[in-house]
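Structure record follows, encoded as structure tokens.
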Amino acid sequence: MTLEDRLIQKTYYKHFINDNENRHPIEVLGEAAVAEQEKESYDLSDIRFAQGEVYYHSQDFETAIFKWENINSELEPWAKKNIGDTYYKTGRLSDAEEIYLSLKVDDPILTAEVSLQLFSLYIDQDNIERAYEVIKEAVEVNPAYPGITELARKFYERQEDWKSATELAVSESIRTEDLFWFATVIKYAKNQYTTIFSPDYFYQVLITFYKTDQMHFKKLVSALWESYKNEETYLEWIKTINDIFLNVDIGLYEYWQEISSLYEESYLYLISGSYDLQVLHDFIPTTLENWLKITRDAKSLFPAAAIWTWNEQFPSTIMEESVQKAESTLFNSDSDIDGLSYSLNIVESMMSWAEQRNIELDPSVASLLNKNVHHLLMIDPENDEETTVKTLHTFSREEDERTWMVVDGSSAYREKKLRQSLDKWAPLGDSLLFIIHPTYAFSEDEREELRKLEQSMPVHFLIKGMDAHGDIESRLRMDFQDALISVGGDENLTSFIQANFFEIIDGTEKRRIHKLLSFMRITLHDLGKRRLEEELYLQDLINTEEQKIEKLGSDIEFLRELEKKKSRYVTETYAKLKDEIKDNFENSLPKLLRECTDIITEDSDFANIHKEVNDKMNKVIEVQWTKVLTDLQHALQQWLSLSREELVQSQESFDDLAVEFNNRFVGEKVELKGDFKILDDWRRDIRRLTVRMPIEEQNIFLQSKFTQLMFQRAGKLIGALASQKTMYNQYKKNVDSQDYEEAAQMVTNRLFAQFNSLENSLKLDVETFFSQPFEELTMLKDGTEVSLENNRLTLKDMKENPGEYYNPIQLFEIRVRQYEVMIEAKEEVDYSEILVEDN
Numbered sequence: 001m002t003l004e005d006r007l008i009q010k011t012y013y014k015h016f017i018n019d020n021e022n023r024h025p026i027e028v029l030g031e032a033a034v035a036e037q038e039k040e041s042y043d044l045s046d047i048r049f050a051q052g053e054v055y056y057h058s059q060d061f062e063t064a065i066f067k068w069e070n071i072n073s074e075l076e077p078w079a080k081k082n083i084g085d086t087y088y089k090t091g092r093l094s095d096a097e098e099i100y101l102s103l104k105v106d107d108p109i110l111t112a113e114v115s116l117q118l119f120s121l122y123i124d125q126d127n128i129e130r131a132y133e134v135i136k137e138a139v140e141v142n143p144a145y146p147g148i149t150e151l152a153r154k155f156y157e158r159q160e161d162w163k164s165a166t167e168l169a170v171s172e173s174i175r176t177e178d179l180f181w182f183a184t185v186i187k188y189a190k191n192q193y194t195t196i197f198s199p200d201y202f203y204q205v206l207i208t209f210y211k212t213d214q215m216h217f218k219k220l221v222s223a224l225w226e227s228y229k230n231e232e233t234y235l236e237w238i239k240t241i242n243d244i245f246l247n248v249d250i251g252l253y254e255y256w257q258e259i260s261s262l263y264e265e266s267y268l269y270l271i272s273g274s275y276d277l278q279v280l281h282d283f284i285p286t287t288l289e290n291w292l293k294i295t296r297d298a299k300s301l302f303p304a305a306a307i308w309t310w311n312e313q314f315p316s317t318i319m320e321e322s323v324q325k326a327e328s329t330l331f332n333s334d335s336d337i338d339g340l341s342y343s344l345n346i347v348e349s350m351m352s353w354a355e356q357r358n359i360e361l362d363p364s365v366a367s368l369l370n371k372n373v374h375h376l377l378m379i380d381p382e383n384d385e386e387t388t389v390k391t392l393h394t395f396s397r398e399e400d401e402r403t404w405m406v407v408d409g410s411s412a413y414r415e416k417k418l419r420q421s422l423d424k425w426a427p428l429g430d431s432l433l434f435i436i437h438p439t440y441a442f443s444e445d446e447r448e449e450l451r452k453l454e455q456s457m458p459v460h461f462l463i464k465g466m467d468a469h470g471d472i473e474s475r476l477r478m479d480f481q482d483a484l485i486s487v488g489g490d491e492n493l494t495s496f497i498q499a500n501f502f503e504i505i506d507g508t509e510k511r512r513i514h515k516l517l518s519f520m521r522i523t524l525h526d527l528g529k530r531r532l533e534e535e536l537y538l539q540d541l542i543n544t545e546e547q548k549i550e551k552l553g554s555d556i557e558f559l560r561e562l563e564k565k566k567s568r569y570v571t572e573t574y575a576k577l578k579d580e581i582k583d584n585f586e587n588s589l590p591k592l593l594r595e596c597t598d599i600i601t602e603d604s605d606f607a608n609i610h611k612e613v614n615d616k617m618n619k620v621i622e623v624q625w626t627k628v629l630t631d632l633q634h635a636l637q638q639w640l641s642l643s644r645e646e647l648v649q650s651q652e653s654f655d656d657l658a659v660e661f662n663n664r665f666v667g668e669k670v671e672l673k674g675d676f677k678i679l680d681d682w683r684r685d686i687r688r689l690t691v692r693m694p695i696e697e698q699n700i701f702l703q704s705k706f707t708q709l710m711f712q713r714a715g716k717l718i719g720a721l722a723s724q725k726t727m728y729n730q731y732k733k734n735v736d737s738q739d740y741e742e743a744a745q746m747v748t749n750r751l752f753a754q755f756n757s758l759e760n761s762l763k764l765d766v767e768t769f770f771s772q773p774f775e776e777l778t779m780l781k782d783g784t785e786v787s788l789e790n791n792r793l794t795l796k797d798m799k800e801n802p803g804e805y806y807n808p809i810q811l812f813e814i815r816v817r818q819y820e821v822m823i824e825a826k827e828e829v830d831y832s833e834i835l836v837e838d839n
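Note that UniProt numbering has the sequence shown beginning at 1, numbered continuously upward.
This is the structure we're talking about:
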């Protein structure tokens, strides 16, 4: 046992005890102390240190501390550490911490031990922050110290601090090249704990893995690849792994299939259209070179075709060595590829991309996406059922995974447009069954059309009926030598097809691949034109919306002027007739009221005559008001009729505006409706206001100053036996001189108050009539302005960033070209044909 081990375990005292010694260590150490003191120059520090250990193990902690406090030798730091351990063991954690922190030595072992003690102390105190500081420093200072990195790993994992745990595992993997730490890094990567790091953080550890153990290297690469797949740093990972494989040698017979599959998946993802083409130029070439580099010959057709296609599209972007290797692979390929699956994958990607951008593609291609379904296109020219292309039957055999789908294209065939361009719907079928009836005139044009169709799919014939079919059959056999020609009656169609066609599937997959490639080429060409069409459409839409906004603005202004005009007419005509009747009524009252004094005679009861005169005045007012109401009723009815005509004219203007707008802007449906309910409201108000109702009694005569004076003096006059004639003369004189204009005005204002209220509401009523047209046009104008702004921004973005649309199309073209190269290589065609693009 080394000295350091004895000091750590507090067994340094055994240095003074022989192996055969049976006495207690205290006794032996006491003798040693006595012997040491007999020397001329002596030092008891080491013996006291050993005695402290014995007392410590005997749990005499006070004596142990006393011994260790008096150490002046090289063991003094260890003695202080032991004192700290004693405080720690006895629960005096603050004192222990103070001792540990005071120890500053160059001894790495003692430093490590103190750190471990401090770490345990902080854990006991639940002081996680300080525990972090201590363990991190301990690992940095002396990672090789036994157990210290394992203690740190367990601590980080308990804290779920995967950043620190990963940093520890990576650094220890590089330092120790130990498979335990390799496995730990892999475990963290599989659990997605490593994605918080930039991928290039793992460059050095990956190189270490590769040099030490390639099995663990592959596992780590796969785990990191999967973890970064859905992260924003995915491209950074691709760059990192590419840099790795550029700097390592791959053995000729090493198996890298799992990594090759990940490269394939990443390549397909990169060219799926999610990234700008300019960005891909920094990743694709190296990705393809490494992919081919690690792929065995039996699986190398895909990356070789990808390299060839990319280099064809972007010359000199891939290393010449890789291009030559790709060429060699294509020339000598015996790879077994699933060309149909690749083609279907591209078509599905194209359809998905188009759907996201609201672009409609030919829906018929969907029928080709299930490679286990064989489509038999059936045409019966004499089938009178008016249908579009539809599925008639679907059937299969239990022992066969394939399914047959019979598609009826009879009605589509009868359409002249389709008969002249069978290639527009030929992709619907893998083979064709043409039914001929004895009475059907099979034309030369149809023969020629079917011969053309035979180039893309097998054409077969069913001759129905047994009469006069020999000539037809012989002609067909001459013209269609590869066709199945059968003669049948009216038996069940499904049974007939099952008996005659189920085995005729040779070449279906190959034909469907070429149909899909043709469809993809046509579609990509159409998509390229769609962008220009969309820009032109947007520009036309913007022009239309600008015209629409201008038109709506002028229409709204027209409505505003029309509303002012109608409002002015309605209110002014009403005010004119009302004021005219009101003035006549008010002007007639003074004379009528004055005439009411005729009832005053010399025989009148002057004590009550004022009441009699006032009653007569009220009766006169009521008679006169009744006449006025009749006049008002007739006048207001005439006003109502005229106002209605004005509103009807307004509605005609509304209709003209709507028709003009709807005709000019196809697709718009503007309806402008005036609110004619205001006429009902006016009619009800007129009826309410002109119905004869008892009017409130007016104190006209009683309110005159003379009447009040006479009424006050009447008793005195009578009491003084004034003569009747005197009273009469005074009454008559003063009553005749009264001015009743003020009273007439007061009465008139009271009686016409409701008519004035109606007048004040007319402007608002006319606004109500115009409200719907205003709201309709204003809302449409506001909505059009928002749409115009959005369309302008969209068009601006389309023109400034054409790559957002064309880059995915170009990538689809690369994928299509790649699969063409693969298919041509598999079919062992002349390699020069690969260089020829489809027309």
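Here a beta-carbon is modelled for each residue, glycine too, at the ideal position from N, C-alpha and C.
Values in this document were obtained by computation on a predicted structure and should not be read as measured data.
Express the C-alpha separation of residue j and residue i in angstroms, rounding to a whole number.
| i | j | result |
| --- | --- | --- |
| residue 57 | residue 11 | 9 Å |
| residue 48 | residue 197 | 53 Å |
| residue 542 | residue 664 | 15 Å |
| residue 108 | residue 121 | 20 Å |
| residue 390 | residue 274 | Bear in mind that a pLDDT of 44 at residue 390, under 50, signals an unreliable position, so the number given afterwards is only what the model happens to contain. In a straight line, the C-alpha of residue 390 is about 36 Å away from that of residue 274. |
| residue 824 | residue 813 | 16 Å |
| residue 30 | residue 101 | 33 Å |
| residue 548 | residue 678 | 31 Å |
| residue 132 | residue 53 | 31 Å |
| residue 75 | residue 4 | 11 Å |
| residue 515 | residue 347 | 11 Å |
| residue 846 | residue 784 | Residue 846 lies beyond the range of the chain shown here (1 to 839); nothing can be said about it. |
| residue 676 | residue 361 | 50 Å |
| residue 591 | residue 639 | 30 Å |
| residue 654 | residue 773 | 7 Å |
| residue 430 | residue 667 | 41 Å |
What residues in its chain sit with their C-beta under 6 Å from that of residue i, if we drop five residues either side in the sequence?
| i | result |
| --- | --- |
| residue 7 | 78 |
| residue 636 | 686 |
| residue 32 | 16, 47 |
| residue 398 | With a pLDDT of 46 at residue 398, under the threshold of 50, the predicted position of this residue should be treated as unreliable, though the coordinate-derived value follows. Excluding positions up to five away in sequence, the list is empty. |
Which whole-angstrom value is the C-beta distance of residue i and residue j, which I expect to be below 8 Å?
| i | j | result |
| --- | --- | --- |
| residue 343 | residue 819 | 6 Å |
| residue 460 | residue 483 | 5 Å |
| residue 119 | residue 141 | Contact doesn't hold; Cβ gap of about 13 Å is too wide. |
| residue 21 | residue 28 | 6 Å |
Just reading off the beta strand (DSSP E) that residue i is part of, what are its end residues?
| i | result |
| --- | --- |
| residue 432 | 431-436 |
| residue 621 | Unbroken run through residue 621 is the alpha helix (DSSP H), 609-664; no beta strand (DSSP E). |
| residue 163 | Not the beta strand (DSSP E): residue 163 falls in the alpha helix (DSSP H), residues 162-176. |
| residue 463 | 459-464 |
Spatial neighbours of residue i within its chain, please: C-beta separation below 8 Å, excluding the five flanking residues on both sides.
| i | result |
| --- | --- |
| residue 227 | 189, 190, 192, 194, 195 |
| residue 535 | 795, 798, 799 |
| residue 582 | 748, 752, 755 |
| residue 277 | 803, 807, 810, 811 |
| residue 553 | 781 |
Can you tell me where the alpha helix (DSSP H) holding residue i begins and where it ends?
| i | result |
| --- | --- |
| residue 57 | 45-57 |
| residue 318 | From DSSP, residue 318 is part of no alpha helix (DSSP H); its letter is neither H nor E. |
| residue 155 | 148-158 |
| residue 798 | 753-800 |
| residue 181 | 179-190 |
| residue 226 | 214-228 |
Please indicate yes or no: does the CB of residue i lie closer than 7 Å to some heavy atom of the ligand COA?
| i | result |
| --- | --- |
| residue 348 | As for the ligand COA, it is missing from this structure, which has no ligand bound. |
Please work out which residues of its chain come closer than 7 Å, Cβ to Cβ, to residue i, disregarding the five sequence neighbours upstream and downstream, and give them in chain order.
| i | result |
| --- | --- |
| residue 19 | none |
At a cut of 8 Å, does the region 512-522 reach the region 756-770 through at least three beta carbon pairs? no
Cβ pair count under 8 Å reaching 3, the region 611-625 against the region 782-792: no
Cβ contact (3+ pairs, closer than 8 Å) linking the region 601-616 and the region 631-648: no
Quick check: the region 281-296 against the region 304-314, are there 3 or more CB pairs under 8 Å? yes
The region 729-741 contacting the region 582-602, beta-carbon criterion three pairs below 8 Å: yes
Under 8 Å, with one C-beta from each stretch per pair, do the region 238-256 and the region 198-205 reach the 3-pair mark? yes
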